[in-house]
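Novice: As given, the protein sequences belong to chains A and B, one line each in that order. Residues are numbered in our numbering as their position in the first sequence, beginning at 1, plus a constant of 24. Residues are numbered in our numbering as their position in the second sequence, beginning at 1, plus a constant of 1007. All residues carry an ideal CB built from backbone N, CA and C; glycine is no exception. Please read all numbers here as calculations on a predicted model, not as lab measurements. Sharing a structure with you now.
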Amino acid sequence: MNVLVTGAAGLVGAEVCARLTRNGHHVIGLVHRVRTLTANNGRHVRAELVTGDVTLPRLGLDEPSRRLLAARVDLIVHSAAITDFGRPRETYEAVNVAGTANVLDLATEAGARLIHVSTAYVCGEQDGHILETALDARQRFGNHYERSKFDAELLVRKAAAEGLATTVVRPSVVVGATRTGVVREFKNIYVVLKLLSEGRVTAIPGHFDACVDLVGVDHVAALIADVAENRADGLTLHAVGSSVSMRHVSDVLAEYPSFRVPRYVAPATFSPAALPGVERAYWDRMLSLYESYFRRRQTFDDTAAAGLRTNRRATNGPDQLRKIIDYAVRAGYLGAPLPGVDEALAEVGR
Amino acid sequence: MILSEAQIASLAEQTLARISAPADAALLLEGSIAEGFGNSRSDIDFLLVADQEADMPTMPTIFFVDGRRVEIRTRSVGQITRHLLDVAGHRGRITRLDEHLLNRCQRFLRGYPVRGADLIRKVRDNLAYEDFAAVMTKWWAEHARQSVRHAVMLTALGQPEPAAGWMRAGLQQAAKSWAARHGETYLEPKWLSLQLDRLAADPLVERYRRGEATAADLGVTGCDERPGQLTVERPREVTTWQIGDRVHLVRDRQDVFVLGAEAARAWRRIVWGRPLVSPADPPGTGDLVAAFVRFGLIRVAWRGSDITPRLPLAAPAGSVTPAPAMTQPILSISGANPTHPRSIDLVPLPAHRFAAAAMALVWGNVMVENAVEDLRGALDREQWGVAALATARAVNGGLRALLCAHGVSPLPSDPDLIHRLDLLPTPQPRIAELARSLSDGTPDLTALAEFVTAVRAATGGDAFPSSFDSADGWQHTLDIGYDWLRLGAYLDQQLPLDEAQDLLSSGGAQPHTTTKEAR
């Protein structure tokens, strides 16, 4: 099978390419700049690379190239997306929404099947058990990213209604490999863990029983590879792992002597204005982007995914959190913070 | 042997005459005398082997025969066979083999048959002696390896005397391993010198006795003196909880240690997986890190493998627990009070009661703060009944704080608080007097202020910290309340955590400007 993977250089995209090539498929990776693909374990991925841009009409390809591509591909895995927070709304719309529309055009022209990589957090801030079949519940979104992925899913559903064979895969928070914690880039939750563990931000407005779902990048890629082999047209699949509560975060951070553990302050009375100057800056620029995740109480149904996937889901949240932190410590991303003023003065006074 | 065959036969006959033994049971002289060691004070150890599968009682029977202490144990063939097969079939880490199991097997394999030699030979066929000796060689070698590695670690931490002690122990264990390789398997180290006497033809024995033999010379590899391969690793269940600026450690969800400021700085520098020592460590860090190791607060690994030193048949394995620090009061708003900047003090309360008492102390503060607010409002409007109840609540909050600070947890119920000041380690007659007069008499802010001051004095000034002097201080108390919630959550305290968060928040929402006026 000839498979086009958009966002092939991304964390999920590269891992998908690695698995598809391993399964004997010819992979065409759509990339921005990179010349080679690297899987999460650091190994080179042998794939044909095409330079393009999903935000542009024809994916930024010239017409002959696009026509040639459309003639070749049997399956498109659309994993290109802006996944980090804090960008302008227009950026998410251009990449995540308009980019999906452009990919849908290509899929329609090629008559190719589409696996659309979305996010479990299209559910926004609604609490409770989120079904794979649910989408529009008039939910409020925590950030532009969630909104844009929701809008993109609406486009995919519309295309499906018009006859395109599509499957939506919704990962939760994608982290390092399930067994080892290995990850090749530290973004999103890793940034949160860094700011909290180093005591850059000491208090967050959250509940002890609020929870986020962490899923290993290998688990997400494996599910997508499974769907590539066994069609799941019309289905939406939650690629989720283990639920980690804010209490788990507190307990696990406390296992590391050099780490600080944040205070969870009642959200109703949390006031960023009361934070000290530097902490306020960290809050405003970074952690405020994740604010609603500290108070959500969401779990994700994955009944449909369970019927298709070939690997087992990791279910021990604290264990998964510990693994990703251990790896981040080994890699030097997390660890000993710079000494505070008091400590530095104490050392000088010896 | 120091006893003749005739003497042994006589002792056996007199011993058997005193017990009811099956007629077909075999009898074995075992232990140090059977080994050829022993002296005039040594016990005579007999093992009666009953030819049956069912277990026999394991407690020895003790007699005095001809002025000698005689112990006779009984075992069935089934029991001994299982022991031997357990050793023969062991897989996995060699030191998991229990020392008492090995001791029983060794004594059986090397005992002197007094009666029923055929039966004993048949049972011995389950484990060839040379195989047993090979097991003992590896077993002692692994213990030696761990002891020497532990000594290397202590040296790296600047602990020369304990390091020398462990190095001596390691070399002795290496010598036991070497002796086992040459057929000398007796477990107890006390007869090592006689075991080596029998192997004295080898020049290594003399070198060992002169202190010139290394563990490697004695066949124990994997313990070069290179501290660079030592890393600090996470123990099974140790967590760090900072309350205000004070660092507490909870071990096994049971024991709470409070660190002095310098110890806390050393603790905060620890990162799992990094080298045990660093050139950047401030002077004196080694002593503190060695104490962390001793108390089981960190593990140390040698190229990724745990260092697990042990002295078989001599000392229990595992972490040391110090005597609890007996400072009074035990608790303040910021947790336990360390005795010294370098101290690693064990708190004399189990973790869950420590956390419960501390949270009750915070609530006591919240109660007093809110009650004083209510009292002022009630006095302004001359609501005397409301004022009386507010005063009683403030007094109860103060008494709760006083009792909690001294470790009373769970607390008596509110009506009983005033009658249970006898739970305190020292009498507090003035506080009791003030509490009674405030509870029974006219609401009086001045008297309440004196009561709070008295409680503060009785708790070393920390039951009601600066929170009662300024809005910032009060906010600090509330922040610390959030710190305690984290520990409470970790220890599964029966506390509705989110409601507790809200309670703290509402406590902080009191109008501080008027609070100041009240003081």
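From Ala1507/B to Leu1492/B, what does the alpha carbon distance come to, in whole angstroms?
Specialist: 8 Å
Novice: Within 10 angstroms of the Cβ of Thr1102/B, are there 16 or more other Cβ atoms? Answer buried if so, exposed if not.
Specialist: Thr1102/B counts as buried, since at least 16 other C-beta atoms from the protein chains shown sit within 10 angstroms of its C-beta.
Novice: Using a Cβ-Cβ cut-off of 8 Å (strictly less than) and excluding sequence neighbours within five positions of Thr1398/B, which residues of its own chain qualify?
Specialist: Ala1378, Leu1382, Leu1445, Ser1446, Pro1450, Asp1451, Leu1455
Novice: With distances taken between CB atoms, is the gap from Leu217/A to Leu358/A smaller than 8 Å?
Specialist: yes
Novice: Please list the partners that Trp1370/B has in chain A, where partner means a Cβ-to-Cβ separation under 7 Å.
Specialist: Within chain A, no residue comes near Trp1370/B; the closest Cβ sits about 16 Å away, beyond 7 Å.
Novice: Does the distance from the CB of Val1084/B to the CB of Ala1057/B come in under 8 Å?
Specialist: Yes, the Cβ-Cβ distance between Val1084/B and Ala1057/B is below 8 Å.
Novice: Show which residues of chain B have a CB atom less than 7 Å away from the CB atom of Pro281/A.
Specialist: Thr1247, Trp1274, Arg1275, Ile1277
Novice: For the region 1487 to 1498 of chain B, which residues have a CB atom closer than 8 Å to at least one CB atom of chain A, in sequence order?
Specialist: Shown in chain order are the members of the region 1487 to 1498 of chain B whose Cβ falls below 8 Å from a Cβ of chain A: Tyr1489, Asp1490, Leu1492, Arg1493, Ala1496, Tyr1497.
Novice: Give the straight-line distance between the Cα atoms of Pro1064/B and Ser1339/B, rounded to the nearest whole angstrom.
Specialist: 54 Å
Novice: Since Ser274/A meets chain B, which of its residues come closer than 8 Å, beta carbon to beta carbon?
Specialist: Chain B residues near Ser274/A: Arg1493, Ala1496, Tyr1497.
Novice: Would you list the one or two residues that DSSP bridges to Gln322/A?
Specialist: Gly152/A
Novice: When the cut-off is 8 Å and only beta carbons count, does Gly1342/B lie next to chain A?
Specialist: Taking Cβ atoms only, chain A never reaches closer than 8 Å to Gly1342/B, which makes this a no.
Novice: Since Ser266/A is in the alpha helix (DSSP H), which residue starts that stretch and which ends it?
Specialist: Run containing Ser266/A: none in the alpha helix (DSSP H); it sits in the beta strand (DSSP E), 266 to 269.
Novice: Using the beta-carbon of each residue, which ones in chain A are nearer than 7 Å to Gly1280/B?
Specialist: Val353, Arg354
Novice: Based on the DSSP output, what are the partners of Cys235/A in its beta bridges?
Specialist: Within the DSSP bridge table, the entry for Cys235/A names Ser269/A, Arg321/A as partners.
Novice: Can you tell me the Cβ-Cβ gap for Thr124/A and Leu179/A, rounded? I've got them flagged as a contact below 8 Å.
Specialist: Right, their Cβ atoms sit about 5 Å apart.
Novice: Would Gly359/A pass as an interface residue toward chain B - the criterion being a Cβ-Cβ separation below 8 Å?
Specialist: With 8 Å as the cut-off, Gly359/A counts as an interface residue toward chain B.
Novice: Can you have a look at His243/A and say buried or exposed, based on whether 16 or more other CB atoms are within 10 angstroms of its CB?
Specialist: buried
Novice: Grab the span of the beta strand (DSSP E) containing Pro229/A for me, first residue to last.
Specialist: Looking at the DSSP string, the run of the beta strand (DSSP E) that includes Pro229/A is 227 to 229.
Novice: Using the beta-carbon of each residue, which ones in chain A are nearer than 7 Å to Arg1241/B?
Specialist: Glu279
Novice: In terms of residues, what are the limits of the beta strand (DSSP E) holding Ile1069/B?
Specialist: 1068 to 1072
Novice: With which residues is Ser1312/B paired in a DSSP beta bridge?
Specialist: Trp1309/B
Novice: Against chain A, does Asp1204/B count as a neighbour if the rule is that its beta carbon must be under 8 Å from one of theirs?
Specialist: With 8 Å as the cut-off, Asp1204/B does not count as an interface residue toward chain A.
Novice: By the 9 Å beta-carbon criterion, what residues does the region 158 to 185 of chain A contribute toward chain B?
Specialist: none
Novice: Tell me, which residues are paired with Asp1486/B by DSSP?
Specialist: For Asp1486/B, which the question treats as bridged, DSSP gives no partner whatsoever.
Novice: If you scan the region 1356 to 1414 of chain B from start to end, which runs of the alpha helix (DSSP H) of 4 or more residues do you find wholly inside it?
Specialist: 1358 to 1387, 1391 to 1412
Novice: Give the straight-line distance between the Cα atoms of Thr1346/B and Tyr169/A, rounded to the nearest whole angstrom.
Specialist: 52 Å
Novice: If you draw a straight line from the alpha carbon of Leu261/A to that of Leu99/A, how long is it in whole angstroms?
Specialist: Cα to Cα, the separation comes out at about 17 Å.
Novice: Does the Cβ-Cβ distance between Ala252/A and Arg320/A come in under 8 Å?
Specialist: no
Novice: Can you give the beta carbon distance from Cys1112/B to Leu1126/B, rounded, assuming they're within the 8 Å contact cut?
Specialist: Not a contact, Cβ separation roughly 17 Å.
Novice: Among Ala330/A, Thr226/A, Gly258/A, Ser282/A, which one has its Cα closest to the Cα of Pro296/A?
Specialist: Comparing Cα positions, the closest option is Thr226/A.
Novice: Given Leu1413/B, which residues of its chain have a CB within under 7 Å of its CB, disregarding the five upstream and five downstream residues?
Specialist: At residue 1413/B the sequence reads His, which differs from the Leu that was named. Around His1413/B: Gln1335, Pro1336, Ile1337, Leu1431, Pro1432.
Novice: Relative to the C-alpha of Arg36/A, which residue among Gly135/A, Arg203/A, Ala136/A, Ala63/A is closest?
Specialist: Residue identity differs from the one stated: residue 36/A is Val in this sequence, not Arg. The option with the nearest alpha carbon to Val36/A is Ala63/A.
Novice: For Arg203/A and chain B, any beta-carbon pair shorter than 8 Å?
Specialist: no
Novice: Just to confirm before moving on: does the CB-CB distance between Trp1279/B and Val353/A stay below 8 Å?
Specialist: yes
Novice: For Ala1509/B and chain A, any beta-carbon pair shorter than 8 Å?
Specialist: Here the sequence assigns Asp to residue 1509/B, which means Ala is not the residue at that position. For Asp1509/B, the answer is yes, since a Cβ of chain A falls inside 8 Å of its Cβ.
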